[in-house]
Structure formats: structure tokens, C-alpha cells
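Asks: Residue numbers for the sequence shown follow this note's numbering, beginning at 193 and rising by one.
One structure follows; several queries about it will come next.
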Amino acid sequence: MLEKTFDPKAAEPRIYAQWEDSGLFAPRAAKPTDGAADAYSIVIPPPNVTGSLHIGHALNNTLQDILARYHRMKGKAVLWLPGTDHAGIATQMVVERKLAAEGNIGRRDLGRDAFIEKVWEWKAESGGTIVRQLRRLGSSCDWSRERFTLDEGLNAAVRKVFVQLHKDGLIYRDKRLVNWDPHFQTAISDLEVEQKEVDGAYWHFAYRLSDGVTYQHPVAFDEDGKATEFETRHFIVVATTRPETMLGDTGVAVHPEDERYKGLVGRFVTLPITGRRIPIVADDYADPTKGSGAVKITPAHDFNDFGVGKRAGLEALNVMDAFGRITAADTPDVPAEYEGMDRFAARKAIVARAEEEGWLREIEKTRHMVPHGDRSGVVIEPWMTDQWYVDAKVMAQPALKAVEDGATVFEPKSYEKIYFEWLRNIEPWCISRQLWWGHRIPAWYGPNGEIYVAETEEDAREQALSDYDSEVVLTQDEDVLDTWFSSALWPFSTMGWPEKTEDLERFYPTSDLVTAADIIFFWVARMMMMGIHFMDGEVPFKRVIINGLVRDEKGQKMSKSKGNVIDPLNIIDELGADPLRFTMAILSGTRDIKLSKQRIEGYRNFGTKLWNAARFSQMNEARRVEGFDPATVQQTINRWIRGELTKAERQVSDAIEGGRFDDAAGALYRFIWNVFCDWYLELAKPVFNGADEAAKAETRAMTAWTIDQTLKLLHPVMPYITEELWAELGKEGPARNGLLMGETWPVLPDAFVDASAEAEIGWLVDLIGEIRALRAEMNVPPSAKPPLAFVAPDAATGERIARHRDLILTLGRVSELAVAEAAPAGAVTFVSGGATVALSLAGIIDLAAERARLEKEIAAFDSDIGHVNKKLGNPNFVSRAAPEVVDEQRAKLAEAEEGKARLQAALKRLESL
193 MLEKTFDPKA AEPRIYAQWE DSGLFAPRAA KPTDGAADAY SIVIPPPNVT GSLHIGHALN
253 NTLQDILARY HRMKGKAVLW LPGTDHAGIA TQMVVERKLA AEGNIGRRDL GRDAFIEKVW
313 EWKAESGGTI VRQLRRLGSS CDWSRERFTL DEGLNAAVRK VFVQLHKDGL IYRDKRLVNW
373 DPHFQTAISD LEVEQKEVDG AYWHFAYRLS DGVTYQHPVA FDEDGKATEF ETRHFIVVAT
433 TRPETMLGDT GVAVHPEDER YKGLVGRFVT LPITGRRIPI VADDYADPTK GSGAVKITPA
493 HDFNDFGVGK RAGLEALNVM DAFGRITAAD TPDVPAEYEG MDRFAARKAI VARAEEEGWL
553 REIEKTRHMV PHGDRSGVVI EPWMTDQWYV DAKVMAQPAL KAVEDGATVF EPKSYEKIYF
613 EWLRNIEPWC ISRQLWWGHR IPAWYGPNGE IYVAETEEDA REQALSDYDS EVVLTQDEDV
673 LDTWFSSALW PFSTMGWPEK TEDLERFYPT SDLVTAADII FFWVARMMMM GIHFMDGEVP
733 FKRVIINGLV RDEKGQKMSK SKGNVIDPLN IIDELGADPL RFTMAILSGT RDIKLSKQRI
793 EGYRNFGTKL WNAARFSQMN EARRVEGFDP ATVQQTINRW IRGELTKAER QVSDAIEGGR
853 FDDAAGALYR FIWNVFCDWY LELAKPVFNG ADEAAKAETR AMTAWTIDQT LKLLHPVMPY
913 ITEELWAELG KEGPARNGLL MGETWPVLPD AFVDASAEAE IGWLVDLIGE IRALRAEMNV
973 PPSAKPPLAF VAPDAATGER IARHRDLILT LGRVSELAVA EAAPAGAVTF VSGGATVALS
1033 LAGIIDLAAE RARLEKEIAA FDSDIGHVNK KLGNPNFVSR AAPEVVDEQR AKLAEAEEGK
1093 ARLQAALKRL ESL
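This is the structure in C-alpha cells:
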């Protein structure tokens, strides 16, 4: 007999060990008859080796595991390939902090080789944390194939790709603006930049026009916006939030259609402090409606300015070093007093000087977004530096075409727009990072600055011999590659490329990729570019399933500072992995998933419901029977549940195939809770307790068979509890062949759906449901059993009444069942199955008290509806409140209106008595 409850804490480690030991995580052996459709492959989005399982991981890996388990049970050779990312900047930071905490010397004092050795030591000790946590979730990855983006095989793939792209002219070295982190002294990707709203100011500076030039500037306007008064000015006003960058100004931009400044285009201003003479240029970037309409241009320290500078031919002058300190290396006209000054100290000094010299015209306080390094927390500096780049525009074209032509599809399709938008406007991809931990760039420099790109130093030396008569000292580039570079090769490098491996032959291209929308740019698009380029035009995956973002129950982003983070490991400790997985699946159909612990607890109850149903079945001797054939069942309820199970199997299969995990979970919930537990087992009770031994034996066998098929259908979503039930229920009846995980997915024939049984039981279920709803509406006490009468039923209904009399009396909680020519006095009527039914409530409920209760509750709903309508009718509330707050009010209104309508219907029935 099953224990009273399922104990996930005890069962999950034991069951996972059984799965791993079984070898079922690895793809099955190839068969001579296998074709491309017999393989299913998916690569895990590699979590950072420094990471710990968060709720986003729980969602993403649950969905992947559902796909892997489903296709495995469908008989396919399934490869779910796991691994972790070396996470350059994050890992380097973790190890540097560890060294500091232990009192060791810093990275630079330690030296590169010794530091890298320390990082590898850390990985050996702590780098497997997230992999162990993924196991706790139930992830059925093939751990024997686990990869790491810095392992030797991937290292060889990265070097080969870099060298080949360089030969193809698609990797090159250039001096451009990058996101520069002055704390780590490295370029970082846009994904590693966090925008923070901070207090700041616009400082308005007056730049004096050169050569004695003056102009008439409008100072007053009429109602139509036409200038009516002017003043003569010998300066032009610009505004900036970063005064320190003015030391690198090489121009002032105005809009070409701005009448105020048309006569100044081509003239010059003299830059304060430096005395530098810089031109006034026309460019659409300048917005005549903002500030003075004139913009200072610092091409070396602002991404927009860099573009203006290129269009206008302005010089790009770097006025900061790698630490964010002022330097005159590029700009000898910067006074020595600023040399080596921190950028924020320079800001204060420049503002003070502007005020003292009279060219500070205004300080306008503001709150604005400022980019910060997500790891360092310091303000990011746009900085001109020599870096390695990929010509992403050229590589993007085949990647665009592949999705346009349908070789790869996105689910939901709306995400294709984001993909297209980014690739059609793509910029060169900066792939070098000034770090030590990562794939070191395979480029060597000769004594005179020549660059030799090669897979090995030996190959680079051979190249150098063409420039030198003898061997010379070569120095390898100090930089490493952007982590996203190695990740872009993930689908094919993890399968052994550049070697021609059996895995590549069998499992590439992969079937699905499940990932989040925020890395469509950084990862998905780049995998498409690299995969198509290096795998003979083949896309790396046929379908991209984009999962939503998990937020808190109010729709707010989870963050430690808000205290609203749900830790999946805590949930697994307390409730088990299955409720978390089911919650992730059933909520996965929206872009923003509103999650609360209460929701997860609710789906823990769903697992408990199934466990109790299995236990009830055991107590009623429902055991599996050797040779049982569900096609031969005679009892109506058994033909009905067979059909309901068949429909559920279709719904679940179609939903998983379509990547609609919420629909799959919803179909499972409805069948298990509402159909099997609430109705079939209730309808089966009289049979279990009856005297018809043949009906009893058939129903017992059918119950056991149905539970077995249900466990198979539910297994991909809730693998632990289903595996435990499979084992426990298998102790009776014919011996099991093995683990549930290795069972075949049920594919039930259409003939299992029996229209007559469906109509018969459907009629009974609808009738009982109507009786129960009416009892609840009318506040009938649970202990009361009012009489029920059918008013002039037809012959078919009469036969049904006779067949199901006992069930109607028991499940409807009515005292008697009669047939009448007219509804009895004091009865409430309703229509069910085309027949009029009357429930006699006279003497059972206090009509006056019930009428008063209903009127009071309707008034309460009216009050709620009026209050919410007032809010939603206020334009200020709708425009200023957070979208999730507005949505919450709309949902509250709909709920109140529905409740009111239900009570009004009950009141109308009451008034008919």
C-alpha cells in the first residue's frame, strides 16, 4: 500500500540516481532504419560556471526537460547536451575576490599564468554547483557529454573559427568606441551594461564663436512660434551631463533645418580651457526642440557623437586612460593640471572653472539613465580603443535569410521581429576583452607591429619568416575573446567540430533551442551566423522557443533589493521539484509570468490529488491485469474514461510538439483533477461497492490501466512523483519492464472515443454539476437533501434517469428523484441536457434571509464595480500607474461583474419561488 503522502525530500535523490544509473539520459543506440526524424537534439543554454540556480533557470530547463523526456518516450534518440560557460569577467571577479579574502596578492602581482592556475583550481572546487542544482530540478541531460566553453575541444574550435574568419576578411582589428569598464579595465558587451536612473544635471556652457563672428539669436516669440525679438550673440550654448568630456570636443552640431544656426554652419567656436578651434557642423542628430538645439560633439567618448564625427569628418580625441583618468596623450592642448585627474574630479574642476570664467550659463537638475557595469557597479565610459571586430553585417545576411525562408522558426512568431530588427541594423561586433580568463586571441605581434593570426604559435612563426630573415620574438595578444564568441559556436563545437564526429552526423542541426528573449541578440543571432558560416549553410536549430520572464505575483521584476525573489532551491527543499516544474509549465504561455509561492503550493496539491487517487484505487483493489485490453470494456463509465484519456493524450502530445507547454499542463490538470479524480473515481465507487463482480473486475482493471497511461502523460512535466507511483503500483500485477522514464509514450486509437458513452456520462456530469452549482448559489446547507424532479422528460431522458438514479441521489445530495408533469411549488428550475429539472427548496432555505443575503452581496459588488470604474475612468491613473496595476484593476472589474451576474441570476430564481 502506498504511504499516505509522497515525500519528495527522500524520493528525489534516490530516483535521480536510478535515472542516471540506467543510462537512459544518453541517446539510444542507432538503428539501421533510423532517419533524420528519429533523432531529437537540444543544447542547453550554458549557465555561467559561477552561477547558482535561479528561477529563470528553473523555467528554461523545465521546458527543455519536458521536450527531452517526451521525445525519449516517443522512441527517438534524444541528445540533451549540457555544459557551462566560462563567464570571463564574472569568474575572474569571483577568483580575485577569493584571493583578496584569503589575504593573497592581487592578480597583476601574481602574474597571468599563476592567476589562471588559481582560476582552474577554483573551477575544480566550486564550478560544478549549478550542474548539481540542475540535477535536483530533474534535468535529464546526458551528463557524459557535458562540455565547458574553455575545455580543450572547444578551445581548438574557437581558434579555428577565429583564424578562418580572419582569412575570410570577417575578423579585423580597428579603433572604435566600446563600452569600457574602468574598474576591470576591459571592454564589455551591451548585455553586461546596466542602466541606472541617477540624480544628475545638464550643465549649459557658452562656447565663444571664433574670428569675431556674431549672429542674431531669437529671444521672444509670438503665438505662432515666430521670433519677434533677437539679441546679438558671440557664443553658442551647448548642454552636457558629462562636463569632463568637453576636453575631447572636436565639433558642435546643429540641425540643418534649424533657422537659428543656418548661418553658423561652417564657422568655428573656440573651446574653453583648451583654446581648441572646432567647427560647427550640420547633422540630423541635433534636435532643435531640445535645449538650445546645439550639441557638443565628442567622438571618442559618446556613441552618438562617434557617428556624427564620422559623418562630418571630425577628429576623435581620447582624453581618458583605461582607469577613467584624464590624459593629454592624444590632446596636448589639455592643460597639465588635469593630467591624471579622475573623471569625476575633473567634472567638478571644469564646472568650477566655467563658473569662475563666466561661460557656465545654467545648471539644470535632472534624473537620467547612466550606464553601469553589471559586475563592477561603476559608470561605464564610452572609450576609443584598439579592439578585434567581427564584420557582423556580412555574416548577418544568411542568418536573416534563414529565418525569412523558414529554415528556422521562432515560437512565438512575434519574436522574429526582434531578431530581424537587430540583424538589419547590426553594428560590428567587438570580440576582444582585456581579461586573463578566457580564450586568448590567437594573434601574435612581430617586432615592428606586424600581426600574425594562426591557430598555434608555431604556425605564427612560419608566417613571420616571410617578413624576417630569421626567427624573431613574437608576442601573443594579451586579450581574450568575448564569452559570447565561444558560446556562438556552442551547437556544433560541443558535438566535436572541427572533427567529423558521429554526434554531428546524427544530431546536427539541433531540433530546438529554448531560451529567453533578452539574448536573441547576443546569442541566438550569433549562433545562427556562425552555424550557417561553418556548417555548410545549415542552420544550428530548426526552432527557437522563447520562454517568458518570471516576475513576482504583482508583475514586478524579481530583485534582492525588493525582497521578492523566489529561490527555486528553497522551493524544491520545501515542496519538491515537481510542483515547481508544473507551475513553470502551466504559466509559461505568457511573456511575463506572475509567480507566487501560493501558486506552487496549489500545484503541490495537484500532485497530492493524484497520489490520493492512486491510493484510493489500491484500497479498492484496482490492480493491473495481465493481458487487459481496454478496447474490450463494456461498462459505460469505462468506455467514457477511455475516450477522455484518448482526447487528453492528443491534447498533451499536440501541445508539447507545438512548444505550448501551458496547454499541455492545462490538459493534464483538467484530465487528472476534473475528469479522472472528480468524476470517474466518484462514478466508479458504486461499482467497487456493488455486487456485479464482472463490472467490478473490469472497472478495477480499467482504473489501473488508466492510471498507468496517466503517469506516462504526466511524466515529462512531473517526473519524480510519477516515477515513484510507477514503481510502487508496479509491485502488484505483472512485472514492470523498467523505469517509467524508459516507457513508450501512449498513442491511443481514435476508436477509443465512444460517442454514446461520452453523451451518456456527459449528461450525468452536467446534471450533477448544475445541481451542485445551484446548491452553492442558493446557500443550501451541505447536510440538506432537497427533492429533485424532472418535468415531463422524454423517453431517452427517462431511461437515463432510471440507469443513474443511485448516482444522482448520491452525488447530487438529493433526497428523492421523481418525474412530474409540472414543477412542484417552491422549486427552483434549471435546464440540463435539454430537460427541465426542479430542485425543491421550500422549507430548506429561509427565503427572506437568502434574498437579503443576495441583495447585500450584489450591493457589495456594485460598490467594488463603481470604485474600480472610477479609477479606470481617470486618465491620470491609466497613464501614470504601472501597467501591471492597471491590468490588476481590469481583472478585478471583470471578476466583480461576473460575480454580480451570477448572484443576480440566483436572486431571479429565488423570486420565482
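We put the beta carbon where it would ideally sit given N, CA and C, even for glycine.
Quick caveat: nothing in here was measured; it's all calculated off a predicted structure.
State yes or no: is the C-beta of His426 within less than 7 Å of the C-beta of Arg553?
Replies: No; because the gap between Cβ atoms is not below 7 Å, this pair is not in contact.
Asks: So, at 6 Å on beta carbons, what are the nonlocal neighbours of Thr775 in its own chain, with the 5 sequence-adjacent residues on each side left out?
Replies: Arg791, Ile792, Tyr795
Asks: Mind checking whether Leu1009 and Leu980 have CB atoms under 7 Å apart?
Replies: It is a contact, given that the beta carbons lie within the stated cut-off.
Asks: Just confirm the distance between the C-beta atoms of Val370 and Cys622, as a whole number of angstroms; I'd bet it's less than 8 Å.
Replies: Right, their Cβ atoms sit about 5 Å apart.
Asks: For a quick check, are the C-beta atoms of Val731 and Thr600 less than 7 Å apart?
Replies: yes
Asks: Between Trp335, Arg698, Gly467, which lies nearest to Val323 when the distance is taken from Cα to Cα?
Replies: Nearest of Trp335, Arg698, Gly467 to Val323, Cα basis: Trp335.
Asks: Is it the case that the Cβ atoms of Leu1106 and Tyr407 are separated by a distance below 7 Å?
Replies: Outside the shown range of the chain, which is 193 to 1105, sits residue 1106, and nothing can be said about it.
Asks: Thinking Asp391 and Phe460 are a contact (beta carbons under 8 Å), I'd like their distance in whole angstroms, please.
Replies: Actually they are not in contact, since the Cβ atoms of Asp391 and Phe460 sit about 35 Å apart, beyond 8 Å.
Asks: Using 7 Å as the threshold, is the C-beta distance between Ala984 and Glu950 below it?
Replies: no
Asks: When you compare the CB positions of Ile465 and Asp441, do they come within less than 7 Å of one another, or not?
Replies: Taking 7 Å as the Cβ cut-off, Ile465 and Asp441 do not qualify as a contacting pair.
Asks: Going by alpha carbons, who is nearest to Thr800 out of Tyr912, His246, Trp897, Arg368?
Replies: Tyr912
Asks: Less than 6 Å between C-beta atoms, sequence neighbours within five positions excluded: which residues of the same chain meet that for Pro875?
Replies: It should be noted that the sequence gives Leu, not Pro, for residue 875. Ile829.
Asks: As a quick exercise: from Pro200, Asp1056, Thr378, Met438, pick the residue whose alpha carbon is nearest that of Glu766.
Replies: Distances from the alpha-carbon of Glu766 to those of Pro200, Asp1056, Thr378, Met438 put Pro200 closest.
Asks: Which runs of the alpha helix (DSSP H) fall wholly inside the segment 716 to 743 and span at least 4 residues, in chain order?
Replies: 717 to 726
Asks: Between Arg992, Ala994, Pro974, which lies nearest to Val1006 when the distance is taken from Cα to Cα?
Replies: Pro974
Asks: Runs of 3 residues minimum, wholly inside the segment 1001 to 1035: which ones carry the beta strand (DSSP E) assignment?
Replies: 1009 to 1012, 1019 to 1024, 1027 to 1032
Asks: Flag this pair as yes or no: are the beta carbons of Ile738 and Ala717 separated by less than 7 Å?
Replies: no
Asks: Count the other CB atoms within 10 Å of the CB of Ser1071; is the residue buried (16 or more) or exposed (fewer)?
Replies: exposed
Asks: Leaving aside the five residues before and after Ser685 along the sequence, list all residues of the same chain whose C-beta is less than 6 Å from its C-beta, in chain order.
Replies: Leu346, Ala349
Asks: Once the 5 residues before and after Val287 are set aside, which same chain residues still bring their CB inside 7 Å of it?
Replies: Lys310, Val311, Trp314
Asks: So, under 8 Å CB-CB, Asn1068 and Leu1085 are touching, yes? Tell me the CB distance rounded to an integer number of Å.
Replies: Not quite, the Cβ-Cβ distance comes to about 18 Å (not below 8 Å), so this is no contact.
Asks: To test your reading of the DSSP string, which unbroken beta strand (DSSP E) runs of 3 or more residues are found completely within the segment 918 to 991?
Replies: 980 to 983
Asks: In the DSSP output, what is Ile363 paired with across the bridge?
Replies: Val582
Asks: What are the start and end residues of each continuous beta strand (DSSP E) run of 3 or more residues lying completely inside the segment 387 to 430, in chain order?
Replies: 407 to 413, 419 to 425
Asks: Can you tell me the Cα-Cα spacing of Arg928 and Asn866, whole angstroms?
Replies: Taking the Cα positions, Arg928 is about 28 Å away from Asn866.
Asks: Given a threshold of 16 other Cβ atoms within 10 Å of its Cβ, counted over all protein chains shown, does Val582 qualify as buried or as exposed?
Replies: buried
Asks: Quick check: what's the CA-CA separation for Ala635 versus Val500?
Replies: Cα to Cα, Ala635 sits roughly 32 Å from Val500.
Asks: On the DSSP bridge assignment, give the partners of Gln668 in chain order.
Replies: Its beta-bridge partners are Trp636.
Asks: Could you give the distance in angstroms between the alpha-carbon of Trp682 and the alpha-carbon of Val235?
Replies: Going by the C-alpha atoms only, they are around 8 Å apart.
Asks: Given a cut-off of 7 Å, decide if Ser332 and Asp257 are closer than it, judged by their beta-carbon atoms.
Replies: The answer is yes: Cβ separation under 7 Å.
Asks: Does DSSP classify Tyr232 as helix, strand or coil?
Replies: Correct three-state label for Tyr232: strand.
Asks: How far does the alpha helix (DSSP H) with Pro205 in it reach, from first residue to last?
Replies: First-last of the alpha helix (DSSP H) with Pro205: 200 to 214.
Asks: Could you tell me how far apart the beta carbons of Pro822 and Arg834 are, in whole angstroms, since I believe they sit closer than 8 Å?
Replies: 5 Å
Asks: To which residues of the same chain is Ala893 closer than 6 Å at the C-beta, ignoring the five residues directly before and after it?
Replies: Excluding its 5 nearest sequence neighbours in each direction, Ala893 has C-beta neighbours in its own chain below 6 Å: Val817, Phe820, listed in chain order.
Asks: Out of Leu401, Ala474, Asp513, which has the shortest C-alpha to C-alpha gap to Arg468?
Replies: Leu401
Asks: From what residue to what residue does the beta strand (DSSP E) around Thr378 run?
Replies: 378 to 380
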